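Those letters in the sequence shown? Residues 1 to 289, by full-length UniProt numbering.
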Amino acid sequence: MGRYSTVKGRYVYVNVEDVEYKVYFEENGQGIPLVCQHTAGSDNRQWRGLLEDENITKDFRVIAYDLPRHGKSDPPHAVEWWKEEYKLTTQWFLQFVRNFCEELELENPVFMGSSFGGNAALQLALEYPDYFRATIPVEGADHTPGYFVDWWNHPHTHGGEVCASGTWGLMAPQSPEKDRRLTWWYYSQGAPGVFKGDLYFYSVDHDLRGKLHLIDADKCPVYLMTGEYDYLSTPADSKRTADQISGAKFVEMKGIGHFPMSENHEVFVKYLEEVLQDILLKENALVLK
């Protein structure tokens, strides 16, 4: 008999702005839906540890998808996508997440995203506070400028090596080498132009300065989690962001960097468990009312 993982993967069709996307996702567990967005230029393999963590999956249905153009989610088949430059916009990103959740018929899911996914988590808390049970911006902030640059996708550079090598200094040196190497490996396989296109949202289109006070953390609790070794969205950036959202919580994760879920799951999950327990306590309080 073979030894099989309990994680299951399949495709779902998601329509965004009248274009259909065939989206790959993996899931495991039961209970409150926990939808997970990978970092820019990568895919859902970053959540491999969380998908198989029995302490999490006993209370949460963990769902990790590949954003279209990433991993096993192709670009849209019905349009000539190669004739235009890929630039991920806030409007498209938020609509995709909402439509993906609705296609899976999820009831008030929790959304957790890292890096550009962390920025998306902040945007979702602002736009859809009645739909999401909570959002968890990992390595996110109100504004992260400066990284949408041409040399991420330039004929004089090796895109896979440049993008992958850029991740190395963002990880904590004490994170296991095996996991740091795997995080690097995920980035080395990115499609040309995708990492740069993701960073259009991260550094250009995402800007919540002056709008954070509009996020209602009573309706949609917000938990910002940032690693101490992150120099893109620093702990100070995330704390500044949290301080402007009434009721938001901020956690600085010691001994970890910009890719906490893949570079060191064991450290990351200790911080995450506290956040998820708080969400469960709020859920139980609502049930008792």
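Even for Gly, the Cβ is constructed at its ideal location relative to N, Cα and C. Owing to the predicted nature of the structure, the values given are computational and were not obtained by experimental measurement.
Closest in C-alpha terms to D130, from the list E139, S114, P109, G117, comes P109. G169 and G41 have their alpha carbons spaced roughly 16 angstroms apart. Here the C-alpha atom of G193 lies approximately 18 angstroms from the C-alpha atom of S115. Within the model, the alpha-carbon separation for W184 versus V267 is close to 18 angstroms. In this structure, A125 sits near I215, with a CB-CB distance shorter than 7 angstroms. By the criterion of a C-beta distance shorter than 8 angstroms, D179 is surrounded in its chain by S262, E263, N264, H265, once the five residues flanking it on both sides are discounted.
Contact check between the stretch 53-68 and the stretch 16-30: three or more CB pairs, one atom from each, fall below 8 angstroms, which counts as touching. DSSP lists F25 as the beta-bridge partner residues of R10. Per the coordinates, the alpha-carbon of V275 lies some 22 angstroms from the alpha-carbon of M171.
Listed in chain order, the non-local C-beta contacts of D205 below 6 angstroms within the same chain comprise T89, T90, local neighbours out to five positions each way being set aside. Secondary structure at E283: helix, using DSSP grouped into helix, strand and coil. Of the residues Q37, Y4, M112, S203, the one whose Cα lies closest to the Cα of D142 is S203.
By a beta-carbon distance limit of 8 angstroms, Y13 does not contact S73. Their separation comes to about 11 angstroms. Taking a C-beta distance under 7 angstroms as the contact criterion, A285 and P221 do not qualify as a contact pair. The three-state secondary structure of P109, taken from DSSP, is coil. Given a length threshold of 4 residues, each whole run of the alpha helix (DSSP H) inside the stretch 113-146 is given here in chain order: 116-127. At the C-beta level, G255 and D218 stay beyond 7 angstroms of one another. Bridge partners of T226 according to DSSP: E252. E20 is bridged by DSSP to N15. With distances taken between CA atoms, Y231 lies nearest to G257 out of G257, D198, D243.
Here Y86 has G193, G197 as same chain residues with Cβ atoms under 6 angstroms from its own Cβ, once five neighbours each way along the sequence are excluded.
Straight-line spacing of the CA atoms in P33 and Y128 works out to 16 angstroms. For the pair Y24 and A236, the Cα-to-Cα distance works out to about 35 angstroms.
Counting other Cβ atoms within 10 Å of its Cβ, W47 reaches 16 or more and is therefore classed as buried.
Of all alpha-carbon atoms in H77, D53, W92, S175, the one lying nearest the alpha-carbon of G227 is that of S175.
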